Each structure stands twice: as C-alpha cells, then as structure tokens.
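To keep things clear, I will list the structure first and then write my remarks on it.
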Amino acid sequence: MLITDGKTLITGATGSLGKQLVHDFVQRGVQPIAQVRESSDTAYLDRVGLEKRKCDLNTAPSFQELLRGIDAVIHTAAWVNFRQDRPTQFAALNTVAAVKLFQAAAEAGVKRFVQVSTIAAVGARARRNNKTSKALSESDLINEEHDFNLAHLRIPYILSKHSAEDQLQKLASNSSTELVMVNPSVIIAPSRTGDDRGKARKSFKWLLAPDLPNRINLVDIRDVVPGVIGALEKGRPGERYILAGDNITVRALLLDISSILGVAPHLVRLPRTLLNVASRGAVTWSKLTGKGKVSFYPDLVRLLEYDWAYSSMKARRELGFTNRSIERSLEDLLTNNMTGTYLKP
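Read left to right, the sequence shown gives residues 226 to 570 (my numbering).
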C-alpha cells in the first residue's frame, strides 16, 4: 500500500525516529497521525499541524480510539537502553505493548503493521580472534536469515525486541493484518542541541576512547526513514528487512571522527580481564549502594565477543533502500550541517 492510500499512525511520534518519519511524510504531502503520551513534547508535531492521539501504550486499557480509522501502523515506540536492570519494564513496552497493539490493529481492520525493531534482534557474528580481517565479503555479513544467537546474554533491550518479533510473527501468521519488520543498525541522528560538533570536540579532548577491533554498523536517520516507508509500501508480509549503513571498526570510526573534528582521540586498549573485573565491581557497587541502575555489567562486556557487520542487500533489492557513506554522515553531523532532518529541513 502507498502512504497516500489511507491513514497511517506513527507510534513514538515524539522520538527522534518518529519525528523524522513525520518530517518525511509531510515532505511527501501526507499528514500521518501521531501517537503521543500526556507528557510528550509535541512542539514539532504542532508546528506541522498533525493530528495527535494521546495514549500511553503501557497503561491504556484499550487501543480502540487510537486505531479508529487507521489503515496502517508504523510502530517505533520502544525503550532503547542497554542497562540491565528493569527487565519487566523493557518487556512491558518493547514486547507486551507491541503485541497488544498488533492484536488491536487486527481487530480494527488495519491493513499493514510495520514493526521497527533492531539489528540486535537479528543477532551478531561471533569473532574468531581479537584481530580484524582486512576485508569482508557479502557472505561474511549477517542477513535476515541469521539464527539469533544472543539469548544467553541478559540484556533486556535485546531480549525484549527479539521476543516481540517472535510473538508478532506468530500472530501475523493467522491474521489479515500484514506484518513487516525493519531492523535498523545504530542510527546516526542530530541532537536537539544543534551543536553536535561542540559536544564531540569536548568529549574527544577529555575522554579515553576504546581502541577496539570489533566491527560495528551505523546508518543515517535520513536513510532509515525512507527504508521504513519502503517497508510500508513494498515490504512482503511476514518478512524482515535490515536497514544498515557501512560496516566499520571502532578504531576506524574514531579516527574518522578525529579527522573531521581536528582533535586527536585518546585511544586506549583495555584488557578484557580488566573490563570483566570492573563490570562485576560495578554490579556489586550498585547492589551495595541501593542504586538500581545497572549500566555496566559482565554481559555488556561480552558484546565484545561479536562483530556487528550486516548486509542490507534484501532491503536494497525489494525496498529500494540506499545509504549514505559513513564518512558523509559523520561530516554532516559533526559540522552541524545535517540538513534534510526535522531539526534542519
């Protein structure tokens, strides 16, 4: 279905990705409907004259009013954080709310439901050693058929997003509402301060940067959104699509940023044993002090056992997905010139 064919509801419309979706819809002459919470900052949505429907996806007894007259849903609302505590809260929004929303959408006769997930829900490639091969072939990259291999890591965000995919696929197999899932990698987006260059220069001057051989993948928000819209319009029901940018080592990424900023990074190689001890100590300290937030922990360190390198070949072929180079995106971001966004049209 085309975005001009009916009414599209965007959940999480006041988040960074949600607002960029709104921006692109409006640029195409289409007014989507925005799901917001009572406490949401709706200044941008008000500026573009969007219809807002207030609904807390965690606590609403019914989604009937939210979905009234809706033909398609793009579900971006999620709690994105790699802390280890509060697994129940992660599951409540990232899994349970997504499932309930799909069920309600099916009952309301919604034609298509696009679930915005994450590459972490697909999995990662286990590293053979601590070295980086010079080049990757397409067969080395993770695609949509990869068997999820991160269930042993107690990282609530990853587990909750993967569980949502599993449950939604089961529901969709017996539903007339078509499900399409997209899995963006790490999204590069401008901050609301408008001075990403200043923030980055300050960080590079004082912070120690990890010198890691691991590959990671970053993608420009200006490329993710057309990919999401492509999934809505062209995606095959029941399929998932990876929306990824360039694969790059952490070291190369830091050097690229350094070159743009004109500030040398303080690269430091930290032994895994030291990281393991420090992460266990951080968890113990959190328990002793009663501070519930656990942001540094052993399972997070174990992510270093993997490369996060992905292929978007399927999305290119079926959705028409394209991506800017990492160098182009970083240049735009770190010169405060990231135009084509909701912050800087």
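Quick reminder that beta carbons are idealized off the backbone N, C-alpha and C, glycines included. Since this is a predicted model, take the numbers as computed values, not measurements.
What is the rounded straight-line gap between the Cα of residue i and the Cα of residue j?
{"i": "A317", "j": "S520", "result": "19 Å"}
{"i": "T547", "j": "Q256", "result": "24 Å"}
{"i": "D532", "j": "V493", "result": "19 Å"}
{"i": "Q536", "j": "G515", "result": "The amino acid occupying residue 536 in the given sequence is Ser; Gln does not appear at that position. Using only the alpha carbons, I get a separation of about 42 Å."}
{"i": "A268", "j": "A351", "result": "44 Å"}
{"i": "G254", "j": "N561", "result": "27 Å"}
{"i": "L375", "j": "E363", "result": "22 Å"}
{"i": "R541", "j": "A469", "result": "10 Å"}
{"i": "S550", "j": "L404", "result": "30 Å"}
{"i": "I295", "j": "D448", "result": "25 Å"}
{"i": "L292", "j": "H248", "result": "21 Å"}
{"i": "L275", "j": "N319", "result": "25 Å"}
{"i": "A345", "j": "N472", "result": "15 Å"}
{"i": "L270", "j": "G243", "result": "10 Å"}
{"i": "I235", "j": "T301", "result": "7 Å"}
{"i": "G452", "j": "Q252", "result": "15 Å"}
{"i": "T284", "j": "R311", "result": "17 Å"}
{"i": "A503", "j": "S511", "result": "12 Å"}
{"i": "L378", "j": "D230", "result": "42 Å"}
{"i": "Q260", "j": "E530", "result": "38 Å"}
{"i": "R417", "j": "K569", "result": "10 Å"}
Is residue i near residue j, with beta carbons less than 7 Å apart?
{"i": "D266", "j": "I380", "result": "no"}
{"i": "Y382", "j": "F315", "result": "yes"}
{"i": "K430", "j": "L544", "result": "no"}
{"i": "A330", "j": "T402", "result": "yes"}
{"i": "E263", "j": "K279", "result": "yes"}
{"i": "L602", "j": "A425", "result": "As displayed, the chain neither begins before 226 nor continues past 570, which places residue 602 out of reach and without an answer."}
{"i": "V475", "j": "L437", "result": "yes"}
{"i": "L227", "j": "V450", "result": "no"}
{"i": "A333", "j": "L457", "result": "no"}
{"i": "P415", "j": "T564", "result": "no"}
{"i": "A434", "j": "P496", "result": "no"}
{"i": "V407", "j": "V305", "result": "no"}
{"i": "I299", "j": "V335", "result": "no"}
Where do the N-terminal and C-terminal ends of the alpha helix (DSSP H) with residue i fall, by residue?
{"i": "K279", "result": "That residue, K279, is in no alpha helix (DSSP H); its beta strand (DSSP E) goes E276 to K279."}
{"i": "L432", "result": "Note, L432: premise wrong, no alpha helix (DSSP H); not H, not E."}
{"i": "N501", "result": "R497 to T514"}
{"i": "R549", "result": "No alpha helix (DSSP H) contains R549, which DSSP labels as neither H nor E."}
{"i": "L525", "result": "P523 to V526"}
{"i": "L292", "result": "Here L292 belongs to no alpha helix (DSSP H), and DSSP marks it neither H nor E."}
{"i": "V324", "result": "A323 to E332"}
{"i": "H491", "result": "It is not in any alpha helix (DSSP H) - H491 instead sits in the beta strand (DSSP E) that spans H491 to V493."}
{"i": "F315", "result": "P312 to A316"}
{"i": "E390", "result": "P381 to A397"}
{"i": "F250", "result": "S241 to Q252"}
{"i": "R308", "result": "Taken as a continuous stretch (DSSP letters only), R308 belongs to no alpha helix (DSSP H), as it is neither H nor E."}
{"i": "A268", "result": "A268 to R272"}
With DSSP as the reference, identify every bridge partner of residue i, one or two as the case may be.
{"i": "Q260", "result": "R278"}
{"i": "P570", "result": "For P570, which the question treats as bridged, DSSP gives no partner whatsoever."}
{"i": "V339", "result": "I299 and V405"}
{"i": "N562", "result": "Paired residues: none, contrary to the question."}
{"i": "N442", "result": "N472"}
{"i": "A351", "result": "Y531"}
{"i": "L479", "result": "None; L479 has no bridge partner."}
{"i": "R465", "result": "M406"}
Identify the continuous beta strand (DSSP E) that holds residue i and give its terminal residues.
{"i": "T236", "result": "T233 to T236"}
{"i": "T474", "result": "D471 to T474"}
{"i": "I412", "result": "V411 to I413"}
(message) Contact between the region 438-453 and the region 399-418 is defined here as three or more beta-carbon pairs at a separation below 8 Å; is this criterion met?
(response) yes
(request) Assess, as a yes-or-no matter, whether the region 391-399 is touched by the region 455-469 under the definition of 3 or more beta carbon pairs within less than 8 Å. (result) yes
(request) Report yes or no: do three or more beta-carbon pairs, one from the region 552-561 and one from the region 478-487, lie closer than 8 Å? (result) Touching, per the Cβ criterion.
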